[in-house]
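Numbering (the working numbering), first residue to last: 30 to 556. Every residue, glycine too, gets a C-beta built ideally from N, C-alpha and C. Being a predicted model, the structure only gives us computed values, none of them experimental.
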Ligand SMILES: Cc1cc2nc3c(=O)[nH]c(=O)nc-3n(C[C@H](O)[C@H](O)[C@H](O)COP(=O)(O)OP(=O)(O)OC[C@H]3O[C@@H](n4cnc5c(N)ncnc54)[C@H](O)[C@@H]3O)c2cc1C
């Protein structure tokens, strides 16, 4: 048994792992996080976008994307206790059983649906769905229905059914396809990610230490074994040592730290001035993400958050302060669902969102009128890119190149998203939503044939905030971690976060990341 463990990153995964590992009072756990405590905006479900480009957001940008008109796309990531799970949209989604059976088939024995379901259930405290074969109560992660439903979300829901999509009351149930309301990691009107649900209640354990404001620079490796980490605290260099190190720094941070530690493609490391310690060519490869395309419609009347006056927003905040109720308990993206782009597709390949706000580009473009924005996200992208170091400087952001559309050999990513735009238009044109919509807003409005829609997508697609896969789990030579999450070829070092996904899942990535951390705790406890 590892008697002492250092966990790097108190994000979605790190908070789970620290909580589980410190259940054993004989194990000392040190959890190190670059950010600080999450701010009040993190508690308020409606305010997740308000944290973008602030001190709690790493605020990454991709490399210019040749498939997206050379745009550099904005990639927010959480830098605080709770990580990206403290600024995310709180949607609780596991993906499809076939995703995990697919992982197993890709060389990850023990990661099929039957293996991962117990770990999902272990975390869960489902307020509406209770105990059942697919849900549970009693776990640290409260999962509940969105407390506030905007009237326009009900219009979207009815219109989506009129457009031919079935109603679905549980997207984590036996069938994913259909439309309804996503369940959220919200408890009593407040965000309830792993920082609050898992970590906060156990912070007084004497064997658990959380240190914030600590920038990890690299893993210390001696004779092929990880023995600790080097970090900056208040500008000074420090070291911490332990029996085992687990990287939970996320799909960007964990791969970057392996590379900075000399673990990665040896030639690439030498080229940027990092001395290779272990040639592991897969580190930073397999960067996958969910690509998203929004189209915005102006409304005839004041709808949703975009239609609220300043006084109404102030009143909603006052209500939230007083009782944790009202519009501020909504994430504004709870109406949605899953669809198949064509009848011959077996499982949903598009995720849909009926967002009650007329904005695009992460709310950096706000329509001049109240409106709604319908999003279509590609579930299982073929686009696949890389994360590389720009230099040996650990404080420099890595180069993120998801190669959206340019790495998709047959163009199917763009073709499926084009069908997603058409499906969203069909929903907008269906009763009763069509009665509140006045027009589609430019520039998507002008894009009518497939070629023009594809061109619009290239110019306006965004991330759905789900980078994954840069420390891929598997059994082949390009795999970074083995199926027990050990870094291949280095003793005493694991990775446990969204970076280990071998293939993107069909849905939002927070719950799958938490599942990975639950399993990592089992592996570490098992020796
Ligand atoms: C805006 C946004 C909206 C999203 N919406 C949803 C949603 O609704 N539902 C959903 O399921 N998923 C959503 N996601 C995705 C989901 O939140 C992530 O997949 C998940 O949080 C990833 O967890 P992680 O543990 O891998 O990484 P993170 O949660 O990002 O944790 C990594 C932690 O490591 C720290 N760290 C990194 N590098 C260092 C270093 N060098 N030194 C010290 N600390 C370091 C970071 O500060 C961070 O706290 C969203 C993400 C974002 C950004």
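Legend entry - Cα-Cα separation between residue 1 and residue 400, rounded to whole angstroms: The structure shown does not extend to residue 1, since the chain spans only 30 to 556, so no value can be given for it.
Legend entry - Own chain, CB closer than 7 Å to residue 542, minus 5 neighbours either side, in chain order: 41, 42, 526 and 527
Legend entry - residue 106 vs residue 87 beta-carbon contact at 7 Å: yes
Inset, instruction - Verify the contact flag: residue 539, CB atom, against every heavy atom of ligand 1, threshold strictly below 6 Å. - result: Yes, since a heavy atom of ligand 1 falls inside the 6 Å radius drawn around the Cβ of residue 539.
Inset, instruction - Could you work out which residue in 121, 418 and 37 is closest to residue 221 when comparing CA atoms only? - result: Closest by C-alpha distance to residue 221, out of 121, 418 and 37, is 121.
Inset, instruction - Kindly confirm or deny that the region 300-307 and the region 437-454 touch, where touching means at least three C-beta pairs closer than 8 Å. - result: These segments do not touch.
Legend entry - Beta-carbon gap between residue 114 and residue 241 smaller than 7 Å: In this structure, residue 114 sits away from residue 241, with a CB-CB distance that is not shorter than 7 Å.
Legend entry - Distance between residue 33 and residue 235 (C-alpha atoms, nearest Å): So the two alpha carbons sit approximately 13 Å from each other.
Inset, instruction - Out of 499, 500, 338 and 451, state which residue places its alpha-carbon closest to the alpha-carbon of residue 478. - result: 451
Legend entry - N-terminal and C-terminal residue of the alpha helix (DSSP H) that residue 150 is part of: 142-152
Legend entry - Unbroken beta strand (DSSP E) run spanning residue 382, endpoints: That run of the beta strand (DSSP E) goes 379-384.
Legend entry - Neighbour-count burial assignment, residue 311, 16 or more Cβ in a 10 Å radius: buried
Legend entry - Buried or exposed (CB count within 10 angstroms, at least 16 for buried), residue 568: The requested residue 568 is not part of the displayed model; the chain covers only 30 to 556.
Inset, instruction - Evaluate the contact criterion for the region 477-495 versus the region 241-258: three or more CB pairs, one atom per stretch, below 8 Å. - result: no
Inset, instruction - Starting from the N-terminal side, write out each stretch of the beta strand (DSSP E) that is 3 residues or longer and does not extend beyond the region 240-302. - result: 243-251, 254-262, 265-270 and 273-276
Inset, instruction - Check whether the Cβ of residue 315 lies closer than 6 Å to any heavy atom of ligand 1, and answer yes or no. - result: no
Legend entry - residue 535, buried or exposed, once every other Cβ within 10 Å from all chains shown has been counted against 16: Its Cβ being crowded by 16 or more others within 10 Å, residue 535 is buried.
Legend entry - Rounded C-alpha distance that separates residue 455 from residue 104: 29 Å
Legend entry - Beta-carbon separation (whole angstroms), residue 212 vs residue 172, contact threshold 8 Å: 5 Å
Inset, instruction - May I ask you to check if the CB of residue 117 is nearer than 6 Å to at least one heavy atom of ligand 1? - result: yes
Inset, instruction - Using three-state DSSP, classify residue 448 as helix, strand or coil. - result: helix
Legend entry - Of the residues 355, 329, 203 and 151, the one placed nearest residue 341, counting alpha carbons only: 355
Legend entry - CA-to-CA distance, residue 153 to residue 161, given in whole angstroms: When the Cα atoms are used, residue 161 and residue 153 turn out to be separated by approximately 12 Å.
Inset, instruction - Return yes when the C-beta of residue 526 is under 6 Å from any heavy atom of ligand 1, and no when it is not. - result: yes
Legend entry - Sub-7 Å separation of residue 194 and residue 208 beta-carbons: Taking 7 Å as the Cβ cut-off, residue 194 and residue 208 qualify as a contacting pair.
Legend entry - Beta-carbon proximity check, residue 318 vs residue 164, cutoff 7 Å: In this structure, residue 318 lies away from residue 164, with their beta-carbon atoms at least 7 Å apart.
Inset, instruction - To the nearest angstrom, report how far apart residue 37 and residue 406 are at their CA atoms. - result: 31 Å
Inset, instruction - Could you tell me the distance, in whole angstroms, from the CA atom of residue 365 to the CA atom of residue 377? - result: Cα-Cα distance, rounded: 13 Å.
Inset, instruction - Go ahead and pull the three-state DSSP assignment for residue 214. - result: coil
Legend entry - ligand 1 heavy atom lying under 6 Å from the CB of residue 495: yes
Inset, instruction - Could you tell me the distance, in whole angstroms, from the CA atom of residue 281 to the CA atom of residue 62? - result: 14 Å
Inset, instruction - Say yes only if the C-beta of residue 385 is nearer than 6 Å to one or more non-hydrogen atoms of ligand 1, and no if none qualify. - result: No, the beta carbon of residue 385 sits no closer than 6 Å to any heavy atom of ligand 1.
Inset, instruction - Please work out which residues of its chain come closer than 6 Å, Cβ to Cβ, to residue 522, disregarding the five sequence neighbours upstream and downstream, and give them in chain order. - result: 255, 274 and 516
Legend entry - Paired residues, beta bridge with residue 502 - DSSP: 510
Legend entry - Buried/exposed call for residue 533, threshold 16 Cβ in 10 Å: buried
Inset, instruction - Under the assumption that residue 67 contacts residue 45 (Cβ atoms under 8 Å), give the Cβ distance between them as a whole number of angstroms. - result: That pair is no contact at about 16 Å.
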